[in-house]
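Participant:
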Amino acid sequence: MKSVIILISFICSFVLTAQSIFPTHRFVDWKIAGSEQWDESGFLLINMQDYAIDALGNQANDVLLDSILMANAGQSIRIHFPVGTFLFNETIQLGSNVILEGEGANQTHFVFQLGGAGSAIQSNGQALTSFNSLFQQTALKNSNSIILNSNHGFVAGDWIRISQVDSDLVYSSWAIGSVGQIVQIDQVSGDTLLLHSHLRMNYDMSRYPKVTKLIPNAHVGIRCLSIERMDDTAPEQASSISFTNTVHSYIDGISSVKCTFAHVELSSCSNIAVRRSFFKDAFDYGEGGRAYGVVMHFTTNECRIEDNIFDHLRHAILLQAGANGNVSSFNFAVNPNWTNANPLLTTTSAGELVLHGNYVYANLFEQNKVDNIVIDNSHGANGPDNVFYRNLSTLYGVFFSDATSPNQIIIGNEITNSSFPYSFVNYTINGTGHFLYGNNNKGTITPSGTSNIPDTSFAYTAIPDFVYNGMWMQIGSGIPLGTATIPASYRYSMNNYFANACGNSDSGQIEFLKPNLQIFPNPTSGILEVNCDFNLNDNYQILDFQGRVIFSSSMNTTKMTINLSSLDPGIYFLTFNRIGETFPILKM
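In short: position in the sequence shown from 1, add 13, done, that's the numbering used here.
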């Protein structure tokens with residue numbers, strides 16, 4: 014009982030410490046981001062191998078797939094493609110309760126040749142613009158209720174989009190009406206709607222806030238296949254996968270090669286998960302909306318972009334036009350590329366985690382490993398309280414293009430590049446009202462005296478299954494600058510992008526991510542060598558046979574030497590804290 018009380022006291026003390034350090038009154042609940050789990054056991058399995066499908070990429074399969082989708086409209090179906098290459102000349106349109114899957118991104122290949130127009134795969138729900146109602150009272154941030162006219166017509170289970178007069182908040186005419194929130198109604202009591210999620214901003218009556226009914230697509234899944242686009246749609250901003258007015262859906266374990274606008278575009282969406290996927294290359298890297306990985310815009314909220322690899326893109330993850338409450342975590346981006354006319358900017362200066370303006374607010378970027386983090390004014394000011402927490406940036410670091418995006422939150426990030434020209438600009442924080450804490454700017458903690466960062470997560474209630482314990486909260490933890498590893502960066506380095514996807518379990522990835530430790534000689538007369546295939550960044554102890562700690566230290570490299578010469582002969586134990594491994598050592 015005493016140990017339980019001590020543990021509870023420790024947890025409470027830890028939580029209070031985190032709350033006292035962080036501006037939690039500016040936070041929102043990011044742990045709700047992502048798609049719900051739903052039961053797929055009742056989905057009708059349609060095996061495309063049972064049909065006269067061309068798996069060699071010679072003949073288009075549009076007519077066959079369209080006929081299957083039409084014949085099963087309104088049903089819950091899982092369309093399974095076998096190993097092969099499948100050509101499509103038309104956009105694939107997916108409705109609710111449709112899963113499109115293959116045997117794996119390395120085995121099932123979709124090739125799209127659409128003649129230079131349209132997105133490759135789409136899910137389009139509806140917005141009933143004529144079905145709307147004005148607020149009757151101001152609604153405050155963190156409230157979960159709004160009051161409308163009593164004859165509003167909304168019922169429990171409806172999805173709504175909250176909007177307001179926001180022309181002073183956004184810069185672009187095409188973004189007007191995007192500053193708001195998409196949310197489901199849990200309960201209706203007369204003129205009051207009780208919402209499934211709390212409001213993430215104030216809605217003042219002076220802005221004439223209103224709600225509009227959505228009929229979104231839901232439970233759409235795309236998994237375990239690759240997409241390659243053969244035709245550039247420029248100047249049309251078409252994407253490889255485009256979701257609009259879609260909720261509780263996912264993209265999982267796919268590869269997407271070459272895009273015009275984005276590999277994945279989420280417009281007016283909520284609770285979408287994009288995970289364990291690989292996005293690479295574009296047709297063009299210039300201006301006009303080119304070469305994006307995942308784009309979230311037009312009020313898209315509560316989406317989770319997680320554990321993905323982005324390679325050779327202009328922007329890996331970009332938010333604009335009212336995106337809010339989204340989480341981007343454990344993503345790895347490499348080889349940024351940008352074609353630009355400014356001779357002062359290199360081709361690698363494009364932001365990979367990007368706030369692009371038109372009032373995006375209250376989004377979270379946690380434990381990502383990228384080259385560049387950019388808060389820009391391409392489309393005017395960004396909204397407040399976007400959080401960049403424990404990200405590692407290796408080239409241009411954290412860069413604000415100007416001072417028009419105040420009130421951001423930047424905690425525990427690592428900026429590693431001390432070479433010119435990067436070091437001249439790679440911690441450029443413009444604007445006022447920012448909360449800055451524990452950022453490691455090329456070896457200097459900024460602001461001074463803020464190195465003590467609690468090991469807490471804003472995105473997770475517990476360590477997720479795909480994260481090996483030894484890779485949790487490494488960034489910003491005080492280990493040697495720039496040595497942290499996340500699962501996606503390790504998979505990239507091992508050229509095994511889908512180790513945890515499509516039949517490869519998370520537990521399988523954990524085994525894949527476990528360090529390969531070589532400890533020798535054992536038995537030893539004194540000197541013990543420890544080698545690891547990546548920087549371990551762990552504390553270790555030498556214990557005697559009774560479990561007493563003889564000495565302790567840390568391993569922050571791939572190799573180390575432990576001198577046991579002073580110890581008496583006998584059995585000892587080398588134990589590592591984070592990875593939970595213990596090795597018996599015989600001292601001669």
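In this text, a Cβ means the ideal position worked out from N, Cα and C, and glycines have one as well.
My assumption, with CB atoms under 8 Å, is that residue 596 sits in contact with residue 532. Please give the rounded CB distance.
Facilitator: Indeed they touch by this definition, with Cβ atoms about 5 Å apart.
Participant: Report the option in 587, 586 and 543 whose CA atom is closest to the CA atom of residue 571.
Facilitator: Residue 543 is the option with its Cα nearest to residue 571.
Participant: Could you tell me whether the Cβ atoms of residue 47 and residue 317 are closer together than 8 Å?
Facilitator: Result yes, Cβ atoms of residue 47 and residue 317 sit closer than 8 Å.
Participant: Sorted by chain position, which residues of the same chain lie with C-beta nearer than 8 Å to residue 501's C-beta, five sequence neighbours on each side aside?
Facilitator: Cβ within range, chain order: 320, 321, 322, 343, 344, 345 and 382.
Participant: Rounded to whole angstroms, what's the CA-CA distance from residue 410 to residue 212? Just pull it up for me.
Facilitator: C-alpha separation (whole angstroms): 32 Å.
Participant: Considering just the uninterrupted stretch of the alpha helix (DSSP H) at residue 505, what are its terminal residues?
Facilitator: Residues 500–506.
Participant: Candidates 289, 272 and 208: which alpha carbon is nearest residue 297's?
Facilitator: Taking only the C-alpha atoms, the option nearest residue 297 is 272.
Participant: Touching or not, the stretch 364–379 and the stretch 399–408, by the rule of three or more beta carbon pairs under 8 Å?
Facilitator: Touching, yes, given that three or more Cβ pairs across the two stretches are closer than 8 Å.
Participant: If you run the structure through DSSP and keep just helix, strand and coil, what is residue 271?
Facilitator: Coil, per DSSP.
Participant: Return the CA-CA distance between residue 432 and residue 360, expressed in angstroms with no decimal places.
Facilitator: If I take the Cα positions, the gap works out to 16 Å.
Participant: Are there three or more Cβ pairs, one per stretch, closer than 8 Å when the stretch 183–200 is compared with the stretch 357–375?
Facilitator: Contact between the stretch 183–200 and the stretch 357–375 is present, because at least three Cβ pairs lie under 8 Å.
Participant: For residue 65, tell me which candidate among 274, 189, 76 and 275 has the shortest Cα-Cα distance.
Facilitator: If we check each option's Cα against that of residue 65, 76 comes out closest.
Participant: Tell me the rounded alpha-carbon separation between residue 590 and residue 483.
Facilitator: One C-alpha to the other measures close to 9 Å.
Participant: What's the C-alpha gap between residue 58 and residue 67?
Facilitator: Distance between the alpha carbons of residue 58 and residue 67 is about 19 Å.
Participant: So residue 466 and residue 569 are supposed to be a Cβ contact under 8 Å. How far apart are they, rounded?
Facilitator: About 17 Å separates the two Cβ atoms, so there is no contact after all.
Participant: List the DSSP bridge partners of residue 44.
Facilitator: None; residue 44 has no bridge partner.
Participant: Report yes if the C-beta distance between residue 270 and residue 254 is below 8 Å; otherwise report no.
Facilitator: Contact: no.
Participant: For the alpha helix (DSSP H) holding residue 82, just list the boundary residues, first then last.
Facilitator: Segment 75–84, the alpha helix (DSSP H) holding residue 82.
Participant: With burial defined as no fewer than 16 other Cβ atoms inside 10 Å of the residue's Cβ, what is the status of residue 165: buried or exposed?
Facilitator: Residue 165 is buried by the Cβ-count criterion.
Participant: Check residue 309 in the structure and name its three-state DSSP category.
Facilitator: Residue state, collapsed to three classes: strand.
Participant: If you draw a straight line from the C-alpha of residue 177 to the C-alpha of residue 95, how long is it?
Facilitator: Approximately 47 Å between the Cα atoms of the pair.
Participant: Please report how far the alpha carbon of residue 550 lies from the alpha carbon of residue 517, in whole angstroms.
Facilitator: Cα to Cα, residue 550 sits roughly 26 Å from residue 517.
Participant: For residue 292, which option in 131, 508, 325 and 54 has the closest C-alpha, if you only look at C-alpha atoms?
Facilitator: Nearest option by C-alpha distance: 325.
Participant: State the Cα-Cα distance for the pair residue 43 and residue 581, rounded to the nearest angstrom.
Facilitator: Their Cα atoms are separated by approximately 53 Å.
Participant: What residues in its chain sit with their C-beta under 6 Å from that of residue 236, if we drop five residues either side in the sequence?
Facilitator: Excluding residues within five positions, the ones whose Cβ falls inside 6 Å are 114, 265 and 266.
Participant: Considering only their Cβ atoms, is the gap separating residue 239 from residue 604 smaller than 8 Å?
Facilitator: Any answer about residue 604 is impossible in this case: the structure gives the chain only from 14 up to 601.
Participant: For a minimum of 3 consecutive residues, which ranges assigned as the beta strand (DSSP E) are wholly contained in the stretch 130–204?
Facilitator: Counting only runs of 3 or more, we get 134–137, 139–147, 158–160, 172–176 and 194–202.
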